[in-house]
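Before any comments, here is the structure.
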Amino acid sequence: MYLVDFRASARNSSRYQSCELVGFLRHSGLSTVLFGICTCVLLALLSLPATAVEQELGRSGLAGGDQVGILETDGMKLSFVGHAGYGFLDSTGPVAGAHHGLYGNMAAGLHLMPQFSAALGVKGVLQFHPEDEFGKDKSILGEPWLLLRSGIPLRPNLLLGGEIGLMIPGTRAPSLEWSALILDMAALLTVRLSSAMTLAAKGGFRLDQSEKAAPDLAHTRYGDRISFPLSSYHAVLAGVLWMYQWTNVSVWTELSADFLVGNDGKFATSPMRFGAGGRYHVTRKITLHLNASTSLSRRPILENEDFVIPIEPRFLVLVGAGVTLDFSRGTSSLPRSQEEIEPVVTPQLPIEPKDETLIAAPREELETGSIASVVLDSDGLPVAGANVTVSAGESFTATVKTNREGRFEIDNVPSGVATMTIQMPFFETREQTVEVAGGQTWAEEMPPLQESEVGSQIRGLVRNFEGSPIDATITVNPGGAQIEADDTGEFLLDVEPGKYVVVIEAHGYKTQRRRVKVGKNSVEILNVELRKK
């Protein structure tokens, strides 16, 4: 979305008009609200202890780099990011001299459920152009945008999905020119090569009608014209991202391009870029960012006054910060390395002897301990998102999900014999007993999970419109098979291939019926939101 405002300048002749791009950043209350929320959350969380986060926030507020997104299947998360920096655009066209810009962006991302996330943001630039025959020239631009993303796991470490980006330019700020709509549609692929290494790819198409929001180019100053993020061309989108994460530091590199198509666009002028960056995880929730990118394409020559073409900075560097609030996690911290999950024994202090007689120090038996370990597959790769349930004593039951490294931890487990059950789609369910000692952490290495034969399944998630899980009953007809959704709202049923009617019922909510067709050795996904009666 490019919202622009054209104002006459006293320096200009009657033929030319100075184009001051006054955008969403000045005229919308949304950017003020986003900035205020980000600032308050950052200040409130600065005192948290330092542990690593698991979500790698990109500039969009969702996981990924600058241009290529990373698919996730974690629980509900709310993220905020902000960046600011400097960009340089080398001399191009009839006006000699470089263009300098101050760039910034803010975004809020919401991971609503394991298969869906959304982001809303705004980015802007204050650009200073070389002097032309009318004197100094500068432009201010604001660009708000909306992004929707969805993905499903094909295998434990392989995810496939897509995203849709929407921008609607305007000719005055704030305004929307619906005929100038910009729509990005792309497929996304994410591969977890190991617990620390991730590879992601993107491919899609941009339907770009933004030239309809352009002013009279024949009467626009050259410096202002190259600031237009408008285009007379559609584009084929492509990109690949590599990311590696240590305990508290992650690095990434990215290669992406928008290959312009239509009219007389040339391959050499298509925006192609290389980006790299690093992130330092101050706490599990707060991340500091450093991003840099360079343009690999040649500069277009804008002699034709009948078209516009996007021109990106030759070099851009940004610094920023991100905050992630995870509403699906428990309060206990997950260990990040093997050293952190070694048993910890609480020392007992001896009692001083009385009357020179040595008295054995009584040891008060502690009542609870903890369980912490890592879940791996037969290839030694971490199994992320597995449900680990521990039952002990007469009433203790706790369930957590493994993190990206396959690690988990459950605290306050009653001492004695406990039963641990590990469940994950595409793997055989494993149940084992563990001996929990008071004041200690059970942290033994577990045998790997064995992959199961993939049959036909119906999987899903049941929540209300506020995103909270619902204790629902799921019935599959014909056959009448029933199952209760777990504490996170998830359910899984093994079925024969065929057509079914799935009935979702919960106390206080309207019943829903869904028709599904399940193929051989396939998984049908149902995400259900129930409305209150």
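What the sequence shown shows, in this note's numbering, is residues 535 to 1067, in sequence order.
Note that CB positions come from ideal geometry on N, CA and C, so glycine has one too.
- With a cutoff of 8 Å on beta-carbon distance, Ser949 and Thr902 are scored as near each other.
- Here the C-alpha atom of Asp742 lies approximately 45 Å from the C-alpha atom of Gln957.
- With a contact defined as Cβ atoms closer than 8 Å, Ala720 and Lys736 qualify at about 5 Å.
- Close CB contacts of Gly1023 within its chain, under the 7 Å cut and outside five residues either way in sequence, are with Leu995, Val996, Arg997, Pro1003 and Ile1004 (chain order).
- DSSP, read as helix, strand or coil, puts Lys819 in coil.
- By a beta-carbon distance limit of 8 Å, Glu965 contacts Thr953. Their separation comes to about 7 Å.
- Of all C-beta pairs linking the stretch 1018–1035 to the stretch 1052–1063, three or more are shorter than 8 Å, placing the two stretches in contact.
- Scanning Gly619, Leu715 and Gly972 for the CA closest to the CA of Ile702 turns up Leu715.
- With 16 or more other Cβ atoms inside 10 Å of its own Cβ, Ala597 counts as buried.
- Here DSSP, grouped into helix, strand and coil, assigns Arg759 to helix.
- The three-state reading of DSSP puts Ala714 in helix, counting H, G and I together.
- Glu1024 carries a strand assignment under DSSP once its states are collapsed to helix, strand and coil.
- For Asp911, there is no enclosing beta strand (DSSP E), since its DSSP letter is neither H nor E.
- Put simply, of Ala1019, Ile604 and Ile992 the residue whose alpha carbon is nearest the alpha carbon of Val1036 is Ile992.
- Here DSSP, grouped into helix, strand and coil, assigns Glu665 to strand.
- Tyr767 and Ala791 have their alpha carbons spaced roughly 14 Å apart.
- The DSSP-derived three-state label of Ala747 is helix.
- A Cβ-Cβ separation of about 17 Å leaves Leu681 out of contact with Gly658 under the 8 Å criterion.
- In this structure, Gly638 and Ser651 do not form a Cβ contact; the two beta carbons are roughly 23 Å apart against a cut-off of 8 Å.
- Between Gly696 and Leu727, the gap from beta carbon to beta carbon reaches 8 Å or more.
- Boundaries of the beta strand (DSSP E) around Trp776: His768 to Gln779.
- Under the three-state reduction of DSSP, Thr803 is assigned to helix.
- Comparing C-alpha distances from Ala730 to each of Ile1059, Gly940, Ile1008 and Glu969 shows the shortest one belongs to Gly940.
- In the DSSP assignment, Asp742 forms a beta bridge with Ile716.
- The criterion of a C-beta distance shorter than 8 Å is satisfied by Gly809 and Ser827.
- For Leu700, DSSP records a beta bridge to Leu680 and Leu717.
- The three-state secondary structure of Ala734, taken from DSSP, is strand.
- Going by C-alpha positions, Phe999 is about 32 Å away from Asn946.
- Short of 6 Å from the beta carbon of Thr923, and not among the five residues preceding or following it, lie these beta carbons of its own chain, in chain order: Thr933 and Thr955.
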